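2 protein chains.
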Amino acid sequence: MWTKASQPQVFAARRARLSSRLRGPALLVAGLSRPRNFQHNRFPFRAESHFLYLVGRSIEGAALLIHPKGATLFAPPADPEAELWTGPMPSLTDWSNELGLEVRPIEELQGAENIAALPPQDLDCALWLSELLDRDLEPGGGEELQGADAELAESMIALRLSHDDAAVAQLKEAAAVTHRAHLAGMRATRPELREASIRAAMEAEIIAAGCATAYGSIVTVHGEVLHNERHDGVLTKADLLLADVGAETPEGFAGDVTRTWPVSGRFSGTQREAYEVVLAAQLAAIAKVAPGVRYLDVHRAAGLAMVEGLIGLGILRGSAADLYARGAAALFFPHGVGHLLGLDVHDMEDLGDRAGYAPGRSRAEAPGDRYLRLDRDLAPGMCVTIEPGFYQIPRILARAEEVGELESALDRAVLARFADVRGIRIEDDVLVTPTGYEVLSAAVPKSVDDVQHVMV
Amino acid sequence: MWTKASQPQVFAARRARLSSRLRGPALLVAGLSRPRNFQHNRFPFRAESHFLYLVGRSIEGAALLIHPKGATLFAPPADPEAELWTGPMPSLTDWSNELGLEVRPIEELQGAENIAALPPQDLDCALWLSELLDRDLEPGGGEELQGADAELAESMIALRLSHDDAAVAQLKEAAAVTHRAHLAGMRATRPELREASIRAAMEAEIIAAGCATAYGSIVTVHGEVLHNERHDGVLTKADLLLADVGAETPEGFAGDVTRTWPVSGRFSGTQREAYEVVLAAQLAAIAKVAPGVRYLDVHRAAGLAMVEGLIGLGILRGSAADLYARGAAALFFPHGVGHLLGLDVHDMEDLGDRAGYAPGRSRAEAPGDRYLRLDRDLAPGMCVTIEPGFYQIPRILARAEEVGELESALDRAVLARFADVRGIRIEDDVLVTPTGYEVLSAAVPKSVDDVQHVMV
């Protein structure tokens with residue numbers, strides 16, 4: 108498959124919406140590519156998301172100047188000397204025709220004053236932006252923004268929180284490629300292979316579709332390591348494999364899906380039981396998604412369902428409400444149930460918690476809640492992930508100070524029977540609709556039967 | 108396959124060799140990872156090559172202090188809070204035991220003075236290094252280095268120019284994975300597919316082996332665009348596909364191989380004729396490789412052979428020596444015949460031309476020579492690429508000021524018959540041995556018959 112591009116009018120409409128919110132000029136930069144091991148060997152350039160939202164193309168070194176009455180793109184003119192290496196590059200006129208936008212040489216922007224901007228993501232970009240705007244800008248999150256910069260951030264958040272039709276189409280494209288990657292991963296799984304082989308099969312689908320990985324792929328038989336970056340483990344037939352892998356379209360929109368499947372192709376009895384508990388928790392959380400619902404309550408619904416499921420398995424003893432209130436969910440599910448999804452896999456996290464947390468809200472202290480990246484009231488057009496998990500993490504379960512008085516509610520003998528379940532996560536991408544929700548990644552096999560069917 | 112790691116003694120021996128050359132202390136930093144679209148979504152960390160050469164592990168934020176009598180690794184202690192996300196990380200003691208080296212917390216290194224260093228590769232790293240050493244360091248090449256910094260650069264160059272046994276073993280591992288990638292690419296090629304599909308098949312082999320791509324893969328039916336970064340072209344059965352793809356081992360050593368093959372699986376008559384000319388030029392250049400030979404002469408041997416071949420095809424008319432002297436090779440082969448290969452795909456290019464050009468030598472002015480990245484006398488243990496090509500580049504061939512008086516030597520009618528040959532490059536990785544050379548990538552199919560045989 109090959110992803111479909113948005114029409115130029117999409118970006119014109121977004122620029123017009125931003126213009127109408129601005130009281131003065133603002134500059135959104137594409138940014139600069141990052142060197143890998145030397146200056147001429149660079150990571151693939153990926154423009155900053157605010158720029159991509161408004162322009163749709165990763166034009167390195169370009170900057171969009173936007174103000175209440177319109178917008179101008181400033182871009183580096185094509186270098187004739189470089190043409191030998193790059194082939195013919197678009198001229199500024201070509202860009203102008205393609206994008207339906209005034210385009211001028213970036214040199215004309217030097218030393219502009221009184222222009223709002225958002226935080227650059229590295230020092231090279233910060234230095235460049237500081238020169239462009241003739242004031243000091245430092246890389247960082249969005250909490251410290253002041254005045255027009257803060258207003259610009261709030262305007263961008265207002266626009267990007269509510270995905271327009273083109274953004275939804277892009278998210279669906281990303282989900283479709285991500286679907287293919289997970290199918291390929293399930294089908295490639297066999298005992299004796301390394302985790303890297305499954306990662307390769309999954310990422311090959313993403314590369315073949317002209318996409319990038321939206322984030323570092325997690326493909327591991329040690330799912331209890333939440334952000335496991337290793338891929339050297341060898342799969343054995345008793346293992347579950349956890350794969351958290353998502354595609355990013357060329358316009359920058361992300362998919363973010365996790366599935367967990369048995370290396371043998373068949374869940375063991377205990378693996379199936381634990382999997383069904385996580386799945387029930389995920390479905391309970393998804394069922395809560397609707398306009399007006401506070402995301403913290405979606406998170407808590409998942410946690411409560413997890414506790415209920417663990418009581419059903421005999422791992423926990425007591426009343427679900429009481430155990431949940433005492434933090435029992437966090438023993439096995441210590442992370443947040445999800446986050447915003449859009450142009451970034453954690454959408455707008457470049458602005459810190461400003462996008463994820465509604466004004467007046469901040470991170471909770473409770474162990475089960477402190478890592479939650481999102482606490483807004485859901486609204487139509489928002490896209491979130493829903494990704495509860497069950498993990499046996501030694502750093503939690505083997506430490507008396509973490510388990511605390513929940514020890515008496517924990518049946519260690521029953522838990523020991525689940526030794527072949529180190530980590531399970533099930534994650535989907537969920538769009539809030541006017542009447543409820545739509546699971547954008549619904550095609551990715553999820554039930555025990557569907558997963559086993561694909562792996563046959 | 109899975110690449111083999113070097114033994115810790117390898118790095119100890121390299122550190123001892125560097126120590127013996129130093130007159131004072133020097134600091135080699137691993138560097139810092141680069142953010143992709145926000146702070147928590149980063150490109151995979153890849154330590155700077157000098158650090159990898161001496162330590163062998165990509166330890167982010169670490170720095171090796173080395174002096175005439177020994178070495179100490181300063182590293183960030185494992186963060187217990189991060190363990191929830193990363194799993195148990197090696198302690199400084201674990202690193203010390205694994206590496207056979209004194210390891211201390213990085214904090215103990217703040218504000219050290221009078222320590223030599225090499226240029227950092229981005230501003231974030233430059234700022235960090237400036238703080239560590241209490242002096243201003245700017246990112247850049249190696250030409251401007253002074254005093255102890257310049258001596259350190261020369262010492263590193265002296266060591267890294269001549270690959271030790273472990274480095275050669277790593278280069279062979281990289282070549283072996285690269286071999287698998289090219290076989291996969293040839294086998295995956297079919298008309299109607301996009302270039303990205305072939306790239307995916309090739310990179311999947313690299314990922315599955317636990318390696319990274321050593322540089323941005325070039326996989327294109329427009330081989331005449333020398334550094335083509337696009338992969339959206341659709342393969343037609345009349346096309347040649349050019350693939351310049353190489354693996355990098357986890358210790359950082361690179362493969363760099365180019366092959367060009369027919370999408371249909373069979374070279375057309377003209378494609379075969381042009382291919383044989385490039386192959387003859389490549390073999391002529393490889394045959395020149397031996398200790399004491401000046402690399403510029405290898406480059407010139409390739410160019411002269413190209414001209415001879417093009418005369419044979421009737422594309423050029425005249426005497427080979429005369430036409431070569433007048434720059435005829437550069438009409439179709441405008442780049443250098445190769446470069447150093449090692450821990451970087453252009454080895455030590457972070458030091459500018461200091462590594463590639465012997466003292467007293469600098470870039471030539473002639474169109475065919477100016478892009479040559481290497482002009483040293485070859486010596487045993489050096490590894491170079493040999494990669495001539497034939498390209499019909501409109502920016503050269505369609506411009507009277509580029510062709511100049513060579514127009515009269517050019518048979519445009521004959522050239523027009525080669526319209527189905529836009530770009531061919533054939534590249535191998537060649538180790539200089541005491542008696543001549545060894546082609547590390549010799550297993551990758553190269554003759555017309557071998558390529559066609561793989562594609563059947």
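Protein chains in written order, with this note's numbering: chain A, 108 to 563; chain B, 108 to 563. Backbone N, C-alpha and C define an ideal beta-carbon position, used for all residues, glycine too. Please read these numbers as outputs of a predicted model, since none were measured by experiment.
At least one C-beta of chain B is nearer than 9 Å to the C-beta of Ser304/A. Runs of alpha helix (DSSP H) with 4 or more residues, each lying fully within the segment 148–224 of chain B, are found at 156–162, 190–193 and 199–206, listed in chain order. The beta carbon of Gln389/B sits no closer than 9 Å to any beta carbon of chain A.
Residue contact check for Phe145/B against chain A: a CB pair falls below 9 Å.
For Arg477/A, no alpha helix (DSSP H) run applies, since DSSP gives it neither H nor E. Distances from the alpha-carbon of Ser304/B to those of Tyr382/A, Gly399/A, Ile325/A and Trp109/A put Trp109/A closest. Chain A has a Cβ within less than 9 Å of the Cβ of Asn148/B.
Contact between Phe440/B and Phe497/B holds: their C-beta atoms lie close to 6 Å from each other, under 8 Å. Within the segment 218–240 of chain A, those residues whose Cβ lies closer than 7 Å to any Cβ of chain B are, in chain order, Gln228, Asp229, Leu230, Asp231 and Leu234.
Listed in chain order, the non-local C-beta contacts of Val546/B below 6 Å within the same chain comprise Asp535 and Val537, local neighbours out to five positions each way being set aside.
Excluding residues up to 5 positions away in sequence, Arg149 and Phe150 lie with their Cβ nearer than 7 Å to the Cβ of Arg143/A in the same chain. For the segment 353–384 of chain B, the set of positions with a beta-carbon nearer than 8 Å to some beta-carbon of chain A reads Gly359 in chain order.
Within chain B, the residues placing a beta-carbon under 7 Å from that of Pro441/A are Leu191, ordered along the chain.
In this structure, the straight-line span from the alpha carbon of Pro226/B to that of Val539/A is close to 49 Å. Close to chain B, meaning a Cβ-Cβ distance shorter than 9 Å, are the following residues of the segment 426–455 of chain A: Pro441, His442, Leu450, Asp451, Val452, His453 and Met455.
Counting C-beta pairs closer than 8 Å gives three or more between the segment 125–137 of chain A and the segment 170–190 of chain A, which meets the contact rule. Within the segment 347–425 of chain B, the runs of alpha helix (DSSP H) that reach at least 4 residues and sit entirely inside it are, in chain order, 376–395 and 402–420. CA-CA distance, Ile264/A to Met489/A, rounds to 11 Å.
The C-beta separation of Asp527/A from Thr377/A comes to about 6 Å, placing the pair in contact by the 8 Å criterion. Glu380/B and Val275/B have their C-alpha atoms roughly 35 Å apart. Taking all protein chains in view, the Cβ of Ser371/A is crowded by 16 or more other Cβ atoms within 10 Å, so the residue is classified as buried.
Tyr498/A is bridged by DSSP to Gly530/A. Assignment of beta-bridge partners to Arg301/A by DSSP yields Val341/A. Between Val326/B and the set Thr193/B, Leu347/B and Trp235/B, the nearest pair of CA atoms involves Leu347/B.
Separation of the CB atoms of Asp363/A and Val452/A is rounded to 5 Å, and the pair is thereby assigned contact status at 8 Å.
Nearest in C-alpha terms to Trp202/A, of all of Leu234/A, Glu167/A and Gly323/A, is Glu167/A. Per DSSP, the continuous beta strand (DSSP E) segment holding Glu545/B begins and ends at Gly543 to Val546. Chain-order list of chain B residues neighbouring Ile325/A: empty, with the shortest C-beta distance near 11 Å, by a criterion of under 8 Å.
Counting only residues of its own chain and dropping the five nearest sequence neighbours on each side, His286/A has a CB closer than 6 Å to the CB of Ala550 and Val551. Cβ-Cβ distances below 7 Å link Lys395/A to Asp404, Val405 and Ala408 in the same chain, with the five nearest sequence neighbours on each side left out; the list follows chain order. Between the alpha carbons of Gly330/B and Arg532/B lies a gap of roughly 8 Å. Leu538/B is bridged by DSSP to Cys490/B and Glu545/B. Around the CB of Asn204/A, fewer than 16 other CB atoms lie within 10 Å, so the residue is classed as exposed. With contacts defined as CB atoms closer than 9 Å, Ala392/B and Ala412/B qualify as a contacting pair. Within its own chain, the residues whose Cβ lies closer than 8 Å to the Cβ of Thr320/A, once the five positions on either side in sequence are excluded, are Glu310, Ile313, Val352, Gly353, Ala354 and Glu355, listed in chain order. Here Pro142/B is bridged, per DSSP, to Arg149/B.
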